[in-house]
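Since the structure comes first, as structure tokens, the remarks are kept for the end.
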């Protein structure tokens, strides 16, 4: 069985071509990242799964009516990704109806550890989780 091959060769890694290749791959997207969102990644992923792959206008409508706190954070990050896409060269007049959410993913951030005092002198640790939200917006074409 053949091992997984890396898409970039060792010589590209040494010469810095890998970094420019990745930058060119990302140049077709508007990217927005929200770091250290004070919500559990599991809760944010529920809304991110609904938004992923939809048109931007549909996603913004959906987020505006969802009764979840994560929808507020995803809506703001999505608007930022659209603005970042428009700030790229020659994309100032792109309509939201011509854009789609290419990908949206949620990673875990740091966990704040708190102590909850329990019976008989014991203590339990509570993890207050945070998350990192990343949204990529691309054109429909």
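Residue numbers (our numbering): 235 to 375.
Ideal Cβ positions, reconstructed from N, Cα and C, are used throughout, including at glycine.
Cα-Cα separation, residue 363 to residue 348: Their Cα atoms are separated by approximately 11 Å.
Residue from 358, 359, 357, 342 with nearest C-alpha to residue 272: Minimum Cα distance to residue 272 is reached at 342.
Beta strand (DSSP E) segment containing residue 372, residue limits: For residue 372, the enclosing beta strand (DSSP E) covers residues 357-373.
Top-ranked residue by Cα proximity to residue 295, from 330, 361, 321: Closest by alpha carbon: 330.
Residue burial classification, residue 355 (beta-carbon count within 10 angstroms, cutoff 16): Only exposed fits residue 355, as fewer than 16 other CB atoms lie within 10 angstroms of its CB.
Start-to-end residues for the alpha helix (DSSP H) that takes in residue 353: Looking at the DSSP string, residue 353 is not in any alpha helix (DSSP H), and its letter there is neither H nor E.
Three-state secondary structure (DSSP) of residue 333: Secondary structure of residue 333 (DSSP, three-state): strand.
Proximal residues to residue 326 (C-beta, below 6 Å), its chain only, five neighbours per side dropped: Cβ within range, chain order: 320.
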